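Asker: The numbering used here puts the first residue of the sequence shown at 33, with every later residue one more than the last.
Positions of the beta carbon are idealized from the N, C-alpha and C atoms, including for glycine.
Being a predicted model, the structure only gives us computed values, none of them experimental.
Submitted below is the structure of interest, expressed as structure tokens.
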Amino acid sequence: MTTPPFDTPAEPPDIWYRILSHSVAAPSPLNTQPWSVLIRGPQSLDLFLDTNRFIPRIDPTLRQAIISSGAFIENLDIAAREAGYRAEISLFPSGLPGGSLHPDHPVARIELSCDETLVPDPLFPFLTARYTNRRIYTAQEILAETFSALACSFDQQFTSFGFSAEPPFRKELAGYLREATEIELSDPDRTAELLSYIRLHHKTGKGRQDGYGSGELGLSGVTGWLSRIRLRMCPAGSKTRCARALLIRLTQKQADSAAAFGWIVTKGNFRHDQVRAGRAYQRVHLTAASLGLSLHSMTPILELYPGMEEPGQKFRDLIGIPDTHTVQMLFRLGYSVPGSPSKRRPVEDLLQAPREFNKGSGAYPPAATS
Ligand SMILES: Cc1cc2nc3c(=O)[nH]c(=O)nc-3n(C[C@H](O)[C@H](O)[C@H](O)COP(=O)(O)O)c2cc1C
């Protein structure tokens, strides 16, 4: 159930390296970057989930990990296009998974083909410029044409985008989001899992290339310094309690400052719906970045943690989503001073060693001929 050993990492052909260095800029829950790739050939690649990077308490159904794979695929598609390649993307080529996922089965197989007629995607420059901004947002209103641009950023046939900037709506939702964070952090194991990726005592995540620190969390400057001091001064036995209180307070302030909330909905909740939602979410986020608009996902309310039934239902009623549909992503939108982008693992870290392929299958590396 683990990815193959990493002793002999494959040397990617340059084109894959270039494309993947843009793919890894995709968002993922707690910046876990739960991806691993197998380069099957100069123009063929499989994308897997990396079981070592799962967060089972926070994302017990792997819904969020799959959404992040969708965002990764979207980045890959845009970067391939920029390099002059059409990316043929087959989801779950080993067969459609049910609720459980087999980690040895790829989420997607991607085949590149050269196509000189391709038009570059205008969102390409924002692949590496986009980031989650968790700072407090200003009171600046979001114009109708900005919402239209977000709504037009992807094909809404299977996945839809909703939003509201109405003050009573924002106030009510902010209350539910605070409650959801309280529920999320009421479980000590879930809190421990969260704090293993959000390194509150450090400005930029303790030199690690995953997760993030208090700077990326939105606690920068004097506020960040003060909160780090307060956490350090917290008595040894109460550190988690202090961290929990800080995160709940911060969620309330962040939600209160939203100029609007947006969400991504799918009709089904199969794995391919979740991938599609991830791609759509990424296009909305990239479009927001291209318009100078900040975006911050706030997703605990979407999870079925014990106790979440009531705020979860109130939230669904508020946005008017029928029980047949699934809200895959929820985020606040607004304008803000720049936040801090989080780090990424280098592409080499994602590479699996090549597996054996059948002779004559056209797989990479090619079978030796005598
Ligand atoms: C499925 C999913 C759920 C997320 N949920 C949250 C969330 O609840 N709160 C939050 O602050 N960020 C959330 N994020 C944003 C990630 O933490 C962020 O993408 C990651 O730390 C990488 O940082 P970046 O977006 O700045 O590149 C979520 C992202 C994804 C893909």
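(1) For GLU143, which residues does DSSP report across the bridge?
(2) Under 7 Å from any heavy atom of ligand 1, does the C-beta of TYR169 make it?
(3) Taking ALA277 as the reference, give the member of GLY366, ILE168, THR223 and MET361 with the closest Cα.
(4) Helix, strand or coil for HIS328 per DSSP?
(5) Quick one: does the C-beta of PRO378 sit closer than 7 Å to a heavy atom of ligand 1?
(6) ILE261: beta carbon under 7 Å from a heavy atom of ligand 1?
(7) In the DSSP assignment, the beta strand (DSSP E) including ARG364 goes from what residue to what residue?
(8) Is SER145 near ligand 1, with its Cβ less than 7 Å from a heavy atom?
(9) Give the secondary structure of ILE47 by DSSP, where H, G and I count as helix, E and B as strand, and everything else as coil.
(10) Please find out if some non-hydrogen atom of ligand 1 comes closer than 7 Å to the beta-carbon of ASN63.
(11) In chain order, what are the residue ranges of uninterrupted beta strand (DSSP E) at least 3 long that sit wholly in the segment 190 to 243?
(12) Got a sec? Which residues, its chain only, sit under 7 Å from LEU376 by beta carbon, not counting five neighbours each side?
(13) Specify the secondary structure class of LYS271 as computed by DSSP and reduced to three states.
(14) What residue from GLU211, ALA97 and ARG231 has the CA that sits closest to GLY339's CA?
(15) Any heavy atom of ligand 1 inside 7 Å of the beta-carbon of GLN96?
(16) Any heavy atom of ligand 1 inside 7 Å of the beta-carbon of ALA287?
(17) Anyone know if the C-beta pair for ALA312 and ILE333 falls short of 8 Å?
(18) Looking at the structure shown, is ALA385 part of a helix, part of a strand, or coil, going by DSSP?
(19) Quick one: is ASP349 buried, meaning 16 or more other Cβ sit within 10 Å of its Cβ, or exposed?
(20) Going along the chain, which residues of its own chain have a beta-carbon closer than 6 Å to the beta-carbon of THR160, five neighbours each way excluded?
(21) For GLU342, collect the residues of the same chain with a Cβ closer than 7 Å to its Cβ; drop the 5 residues on either side in sequence, then sort them by chain order.
(22) So VAL297 is in the beta strand (DSSP E); what residue range does that whole segment cover?
(23) Between which two residues does the alpha helix (DSSP H) holding VAL307 run?
(24) Beta carbon of ALA206: closer than 7 Å to some heavy atom of ligand 1?
(25) Which residue from LYS235, GLU248 and GLY269 puts its Cα closest to that of ILE261?
(26) State yes or no: is the C-beta of ILE168 within less than 8 Å of the C-beta of LYS285?
Answerer: Here's the rundown:
(1) Counting from one through the sequence shown, the residue named residue 143 turns up at place 111. DSSP output for GLU143 lists SER76 and GLU120 as bridge partner(s).
(2) In the sequence shown, residue 169 corresponds to position 137, counting from 1. No, Cβ of TYR169 sits at least 7 Å from all heavy atoms of ligand 1.
(3) Against the sequence shown, residue 277 aligns to sequence position 245. Taking each of GLY366, ILE168, THR223 and MET361 in turn and checking the Cα distance to ALA277, the smallest one comes out for THR223.
(4) Here residue 328 refers to the residue found at position 296 of the sequence shown. DSSP places HIS328 within a strand segment (E or B) once states are collapsed to three.
(5) Here residue 378 is taken as the residue at index 346 of the sequence shown, counted from 1. PRO378 Cβ: outside cutoff for every heavy atom of ligand 1.
(6) The sequence position of residue 261 within the sequence shown is 229, counting from 1. Checking the Cβ of ILE261 against ligand 1 gives no.
(7) Taking the first residue of the sequence shown as 1, we reach residue 364 at position 332. Note, ARG364: beta strand (DSSP E), 358 to 366.
(8) Here residue 145 corresponds to residue number 113 of the sequence shown, with the count starting at 1. No, Cβ of SER145 sits at least 7 Å from all heavy atoms of ligand 1.
(9) Sequence index remark: in the sequence shown, residue 47 carries index 15 (1-based). In the structure shown, ILE47 sits in a helix (DSSP, three-state: H, G or I).
(10) One-based indexing of the sequence shown puts residue 63 at position 31. Answer for ASN63: yes, Cβ within range of ligand 1.
(11) 191 to 196
(12) Within the sequence shown, numbered from 1, the residue matching residue 376 stands at position 344. Just to set this straight, residue 376 is Arg in the shown sequence, not Leu. Contacts found: VAL56, ALA57, GLN65 and GLN241.
(13) Numbered from its first residue, the sequence shown carries residue 271 at position 239. It is helical.
(14) For the purposes of this step, residue 339 is identified with residue 307 of the sequence shown, where counting begins at 1. The shortest C-alpha separation from GLY339 is found at GLU211.
(15) Taking the sequence shown and counting its residues from 1, one reaches residue 96 at position 64. Yes; taking the cut-off as 7 Å, the Cβ of GLN96 has a heavy atom of ligand 1 nearer than that.
(16) Along the sequence shown, one-based indexing puts residue 287 at 255. For ligand 1, no non-hydrogen atom lies closer than 7 Å to the CB of ALA287.
(17) Within the sequence shown, residue 312 is the residue found at index 280, counting from 1. Within the sequence shown, residue 333 is the residue found at index 301, counting from 1. Result no, Cβ atoms of ALA312 and ILE333 do not sit closer than 8 Å.
(18) Your numbering for residue 385 matches position 353 in the sequence shown. DSSP places ALA385 in coil when its eight states are reduced to three.
(19) Taking the sequence shown and counting its residues from 1, the one referred to as residue 349 is at position 317. Exposed is the call here.
(20) In the sequence shown, counting from the first residue as 1, residue 160 sits at position 128. Here the set comprises ALA57.
(21) In the sequence shown, counting from the first residue as 1, residue 342 sits at position 310. If we look at GLU342 and ignore the five residues flanking it on each side, it has no Cβ neighbours.
(22) As a working note, residue 297 is residue 265 in the sequence shown. Following the DSSP letters along the chain, one finds VAL297 inside the beta strand (DSSP E) bounded by residues 292 to 298.
(23) Translated into the one-based positions of the sequence shown, residue 307 becomes position 275. Counted as a single uninterrupted DSSP element, the alpha helix (DSSP H) harbouring VAL307 occupies residues 303 to 322.
(24) On the sequence shown, residue 206 is found 174 positions in, with the first residue counted as 1. ALA206: no, Cβ never under 7 Å from ligand 1.
(25) For the purposes of this step, residue 261 is identified with residue 229 of the sequence shown, where counting begins at 1. Ranked by Cα distance from ILE261, the first of LYS235, GLU248 and GLY269 is LYS235.
(26) Taking the first residue of the sequence shown as 1, we reach residue 168 at position 136. Taking the first residue of the sequence shown as 1, we reach residue 285 at position 253. The answer is yes: Cβ separation under 8 Å.
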